[in-house]
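Residues in the sequence shown are numbered from 22 upward in steps of one, following our numbering.
For reference, the structure discussed in these notes is given below.
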Amino acid sequence: MEIQQAIDTVYNGLVSDNSVPVKLRLNKELDTELLNKVRVALDILIHFYKDKETVPKKLALAMVDIYGAFSFQSSYFEDDLLEQLEDIGIELQEKALELFSD
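Below you can see the structure in the form of structure tokens.
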């Protein structure tokens, strides 16, 4: 996967109108296929940007408050799904920290 394609995958998967968080807020199912593409793209980007001083704004925007994007009120979904979403939020937050750390 090319770097620009990876950035677009992360942005589309986390920010766009068809992103995983937007689909969840519209009471659709968790799009695990798109989420897995985001995970792969993030791993590529973490490796590519590990020694860089900056990252593109589009990538940074996708990672802002990523934990909050997967945080829902307890009445919104069943407990099992809420726990799964919290785990996803934590995982992506950890990837963001890895991406932005020295």
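Built from N, CA and C at the ideal position, the CB exists for glycine as well.
Bear in mind that the values here come from a model prediction, so they are computed numbers and not experimental data.
In the structure shown, what three-state DSSP assignment does residue i receive?
i      : result
GLN114 : helix
THR53  : helix
ASN48  : coil
ASP72  : coil
ASP108 : helix
ASP38  : coil
Is it true that the CB of residue j sits closer than 9 Å to the CB of residue i?
i      : j      : result
ALA62  : MET22  : yes
LEU80  : LEU120 : yes
LEU45  : PHE93  : yes
LYS116 : ILE67  : yes
Just checking my contact of residue i with residue j at CB under 8 Å: how many whole Å lie between their CB atoms?
i      : j     : result
ALA90  : LEU35 : 7 Å
LEU113 : ILE87 : 5 Å
LYS58  : THR30 : 5 Å
With hydrogens ignored, establish whether the beta-carbon of residue i is closer than 8 Å to any heavy atom of the ligand MN.
i     : result
GLU74 : Among the ligands in the structure shown, none appear at all, so the ligand MN cannot be discussed.
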